[in-house]
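Encoded as C-alpha cells, the structure appears first; notes follow it.
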Amino acid sequence: MTQKTIRQALNDALRQEMGRDNRVIILGEDVAGGQGGTGIIDAYGGPLGVTKGLIGDFGSRRVIDTPITESAIMGAAAGAAATGLRPVAELMFVDFMGVCFDQIFNQAAKFRYMFGGKTRTPMVIRTTIGAGMRTAAQHSQCLYHMFTSVPGLKCVLPSNAYDAKGLLIEAIRDDDPVIFFENKLLYDHACEVPDESYAIPFGEANVVRDGDDITIVAFSRMVHIAEAAAKKLADDGISVEVIDPRTTSPLDEETILDSVAHTGRLIVVDESAARCGMAADIAGLVVAKAFDHLKAPIIQLTPPHTPVPFSPPLEDAYVPSADSVVAAARNILK
Amino acid sequence: MTLKAVTVPKWGLSMNEGELIQWHVAPGDDITVGQEIAEIETSKIAGPVEAAVAGRLRRIIAKEGEMLPVVALLAVLAADSDSDDDIDAFVAGFEVKDQADDAGDGATLPLSGQLSLNDMEISYLEVGPGDRNPDLAPVVLIHGFGGDGNNWLFNMAKLGENRRVIALDLPGHGRSSKNITDGSITGLAAVVGDFIAALGLDRVALGGHSLGAAVALHYAINNPDRVDRLALICPALVGRAVNPDYVTGFIQARTRKQLKPVLQLLFSDEQLVTANLVNDMVKYKRLDGVATVLDMIAAADLFKTVIFDPADIDRLPMPICLIAGEDDKIICGTEPGIITGDKVTTHRLKQAGHMPHMERPEKVNEILTDFFC
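Just so you know, the protein sequences line up as chains A and B, in that order.
With the numbering used here as the guide, the letters of the first sequence map in order to residues 7 to 340.
With the numbering used here as the guide, the letters of the second sequence map in order to residues 854 to 1226.
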C-alpha cells in the first residue's frame, strides 16, 4: 500500500468523489491558482495545496475561485446544496468563520429542520485549525467546539491520512452540512492509504491504542501528543488507552464510556478551549454516565483561557504537550 | 564456524516487523529444525517461529515484548566449544541489512503481481526458487470468503522451497478489483480458470480454503486433466452448512467491536484475533464495492449445504487431501460430507479452527509438502 500525506489523501478523496459524482463542486479562495501557481491548469491549489491539479481535471465550472467574501462562499454553497449540488467549500482559517455564522448556523444547519425534512443540504466546509504555525491569535484557533454545539452540523476532525481520506469521502456523500477541520501542522503527516475509495462512518471512534490504566480521549493533532505520551508511560509500566473520536458530532459515546468503565481514569486532551470546549463536554458525559467507574477526578488538559500567543515560547507552552500529558497521567494515578 | 543465527521470519509481503511475544526455549536447550521456539505477533496475526537451523541455544538476543524488523537477530545457536567472546563478536558483527539481501533472492520473499482479466484486475502473490523442480506442477492457492492471498503467509515460503506457488486474491478481495458480475462458485471458478490460463499454466496443483476450496473443487471437476492434485482445507459447500451467523455477522459488522467476535469464530484460540487483524478487516470492508461483492457471493451459494454432485467427485482422477480443524466453528456438523473415497486422505487437526493453515501452519505445511510432492 502507498504512503500518503494528509494533503495527498484529501486530494485523493476530492478527485475520486468528483470523478464519481459530477454534482460535486469545489469553491473557495485560491482553490484553483494562488500562491506559487504557474497557470490555471498547473495550479497550486489553495493556500496549502490540497486542491492542487483538480481544476486541470475538472475545469473551472467545478473548481470555482471565489472573491475574498466568506459570507458569499458559505451562502453560495448552502444554496447550491439545497438545489442539488454537493459543494465542498473551503475557508482557509476557522478563525474567519465569524463573518459567515448566519449562513452556517442559521441557514445551512437549519434548512432540513425548518423545511420539515423536505430539503437536504449536502455541503462540506473544509477549514484549518490549530496553533503552532506562528500565525498569531487570529489564525491559530481550534473552534470546532462551537460548531459541535449547533444541532444540524456534523463535525469531523481527522488525525491521520487514512482517516482523512475516508472521512472526507463520507462527508461528501453525507446529505447534511459537515464541517471538516484540518490541523495545519498535520498536512505532511503520512501513513498507508489505499488508492481505492472508501468511506469511514461518522460516530465511530478509533481506538488508537489499547490500555488498562488510563483512558485518554484526544482530538486531531492531540491524538499524536497522546500517543507520544502513552509510549513514554508504557516504559514505566503504565498502560494507556488512546481514543480518537474522529467526529465530535455525532460522538461515539459508547467507546469512551466502555473504556472508562475498564480503566476508571480519564484524561481529555483538547486544543479547542478551556471553557465550554470538548474536554468539558466529554468530562460531563463521563460524570453523567460512568461516574461509578471513576477512580480519580477527570483531568481536562486544554490550553489556558487566553488568546493564542504570538510569542513562540508562549505559543509552545499554550498547546498541550506530551510532557504535560505524562505529568497529568502521573497525577491521576496518585 | 558453528555459530548460527536465528532470525525474525518474513511471513508475507506485508510483514516488515513483528513483536516477540514469548520464548518457548531457554539457553542451553537443543533446538531441532522445525521446532517452535518462539511466538511472534505481526500486524496480521500471531504465529510460531520455527527454527530453520539446529543446534544448542547459547544466547537469547531479543526480549519478550520487543518490536523487531524482519530478519533481525533473535538468538544465537553455538557449540559448547564456542566461547562467549566468539558469540559477542558474532552478535556485534550481525547486520540485518546483509541478511535481508540474502532473503531477497526470491527463495522466501513473495513477489506481488497483477493481471488484467476482462474488465477486472486480479492480484496475486508468488514465491518459488530459481532452481525450481520442473516436474512439479505449480501450486495455486485460493483463499476463502472475505480473505485474501495473505492468508497463506505462513505457508507460501515452505511450499515454495522447490516449486512455484501462487496465491491469488479472488475478485472483490485483497487488492483485486472490487467488482464482480457473478458471485456464484461457478463464476468465481471461471475467474480462477482465466487466471490460470493467463499465467500460461498447463497443469497446476490446487489448494483451496473454505469457499476457495469449493472454487478449487469446481475447477477440478470441469478441468480434471489440468489439475494434478487437489488440497481442500475446511471446504465449504460439500455437505456441511456454513455457519450463517458467521456469514451474516461478517457482512453486517461495521465496527471493530462488532467484527471482533465474528472473527474469533474462525480460530480455535480466540487470542489469535489481534486488534491489528480486526482493524485490517474493518479497513477492507470499508472499501467501495466490497459490501456489494460480499452480498453477491453470500446470496449466490454460501447458504447452501452442498452444490456438488457426489458422482462428479467420484469421477475425479487426481488425489485429494482433505484438512479439517477439530474446533471449526464455521463449517458446522461432524458428518464427513461428500469428499470420500479411496483417493481422499483426510487429516483432522487438533487445536485448529477454521483457519488451520494460519493456526497450525507447521502441521499444514508438513501435510501439504508431502501431498504436493
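We put the CB at the ideal spot given by N, CA and C, even for glycine.
How far does the beta strand (DSSP E) with residue i in it reach, from first residue to last?
i        : result
Cys22(A) : It should be pointed out that residue 22(A) corresponds to Gln in this sequence rather than to Cys. No beta strand (DSSP E) contains Gln22(A), which is instead part of the alpha helix (DSSP H) from Ile12 to Arg26.
Taking a contact to mean a Cβ-Cβ separation below 8 Å, would you say residue i touches residue j in this structure?
i          : j          : result
Asp250(A)  : Ser327(A)  : no
Leu927(B)  : Val859(B)  : yes
Ile262(A)  : Val223(A)  : yes
Ile79(A)   : Ile32(A)   : no
Ala899(B)  : Val886(B)  : no
Arg132(A)  : Thr125(A)  : no
Leu16(A)   : Lys160(A)  : no
Asp219(A)  : Ile244(A)  : yes
Ile913(B)  : Ile893(B)  : no
Gly34(A)   : Leu97(A)   : yes
Glu1212(B) : Leu1140(B) : no
Ile1184(B) : His1207(B) : yes
Ala289(A)  : Ala267(A)  : no
Leu291(A)  : Glu259(A)  : yes
Leu1155(B) : Phe998(B)  : yes
Asp939(B)  : Leu910(B)  : no
Gly1142(B) : Asn1015(B) : no
Gly1046(B) : Leu1085(B) : no
Phe64(A)   : Met129(A)  : no
Gly158(A)  : Ala211(A)  : no
How is the alpha helix (DSSP H) around residue i delimited, first residue to last?
i          : result
Phe117(A)  : Phe117 to Met120
Thr1145(B) : Val1143 to Ile1150
Gly172(A)  : Ala167 to Arg179
Ile1116(B) : The displayed chain sequence assigns Leu, not Ile, to residue 1116(B). Unbroken alpha helix (DSSP H) run through Leu1116(B): Arg1109 to Gln1117.
Asp938(B)  : Asp937 to Gly946
Excluding five sequence neighbours on each side, which residues of the same chain lie with their C-beta closer than 6 Å to the C-beta of residue i?
i          : result
Ile1150(B) : Gly1036
Lys190(A)  : Thr134, Gly136 and Met139
Glu188(A)  : Thr134
Lys1196(B) : Pro1172 and Ile1173
Counting only the same chain and skipping the five closest in sequence on each side, list residues whose C-beta sits under 7 Å from that of residue i.
i          : result
Pro862(B)  : Val902
Ser806(B)  : What is shown of chain B runs 854 to 1226, which leaves residue 806(B) out entirely.
Val325(A)  : Ala137, Gly138, Glu277 and Pro309
Ala234(A)  : Ala328
Gly55(A)   : Arg13
His195(A)  : Thr11, Ile12, Asn166 and Ala167
Arg179(A)  : Ala205
Ala232(A)  : Ile222, Ala224, Val248, Val275 and Val331
Asp1181(B) : Cys1087, Gly1206 and His1207
Within its chain, find whatever has a CB closer than 8 Å to the CB of residue i; leave out the 5 residues flanking it on each side and keep chain order.
i          : result
Asp1165(B) : Ile1074
Measure from the alpha carbon of residue i to the alpha carbon of each residue in the options, then state which is nearest.
i          : options                                         : result
Asp242(A)  : Val332(A), Pro318(A) and Cys148(A)              : Val332(A)
Asp935(B)  : Ala1153(B), Thr855(B), Ile893(B) and Pro1214(B) : Thr855(B)
Cys1226(B) : Asp1167(B), Ala1205(B) and Leu1083(B)           : Leu1083(B)
Val248(A)  : Thr254(A), Ser255(A), His230(A) and Leu257(A)   : His230(A)
Asn112(A)  : Val100(A), Ser146(A), Ser77(A) and Gln144(A)    : Ser77(A)
Ala1152(B) : Ala990(B), Phe943(B), Gly1040(B) and Glu872(B)  : Gly1040(B)
Glu979(B)  : Gly1061(B), Gly1102(B) and Arg1017(B)           : Arg1017(B)
Phe1224(B) : Thr1199(B), Glu919(B) and Ala1089(B)            : Thr1199(B)
Val1131(B) : Val944(B), Gly1000(B) and Ile995(B)             : Gly1000(B)
Gly81(A)   : Gly62(A), Val105(A) and Ile61(A)                : Val105(A)
Val878(B)  : Glu1215(B), Glu917(B) and Gly1194(B)            : Glu917(B)
Output the distance between the C-alpha atoms of residue i and residue j, rounded to the nearest integer angstrom.
i          : j          : result
Gly1002(B) : Ala1066(B) : 14 Å
Ala279(A)  : Leu272(A)  : 18 Å
Val1095(B) : Asp182(A)  : 40 Å
Ala960(B)  : Arg1056(B) : Only weak support exists for where Ala960(B) lies, its pLDDT of 40 falling under 50; the coordinates are left without a value.
Met103(A)  : Phe153(A)  : 10 Å
Trp1005(B) : Val1217(B) : 11 Å
Ala86(A)   : Val37(A)   : 18 Å
Ile206(A)  : Arg1079(B) : 44 Å
Val929(B)  : Ile890(B)  : 12 Å
Asp216(A)  : Asn1129(B) : 11 Å
Ile185(A)  : Thr312(A)  : 24 Å
Phe1161(B) : Arg1168(B) : 12 Å
Ala294(A)  : Thr254(A)  : 18 Å
Ala285(A)  : Ala1069(B) : 55 Å
Thr895(B)  : Gly283(A)  : 39 Å
Pro1077(B) : Asn986(B)  : 22 Å
Ala1236(B) : Ala990(B)  : With chain B covering only 854 through 1226, there is no way to say anything about residue 1236(B).
Val30(A)   : Asp1122(B) : 47 Å
Ala142(A)  : Leu320(A)  : 11 Å
Ala953(B)  : Phe947(B)  : The predicted model places Ala953(B) with a pLDDT of 41, which falls under 50 and marks its position as unreliable; any figure quoted below should be read in that light. If I take the Cα positions, the gap works out to 11 Å.
Cys148(A)  : Gly981(B)  : 54 Å
Check whether the Cβ of residue i lies closer than 8 Å to any Cβ atom in chain E.
i          : result
Lys1031(B) : Looking at the structure shown, chain E is missing, and the protein chains on hand are A and B.
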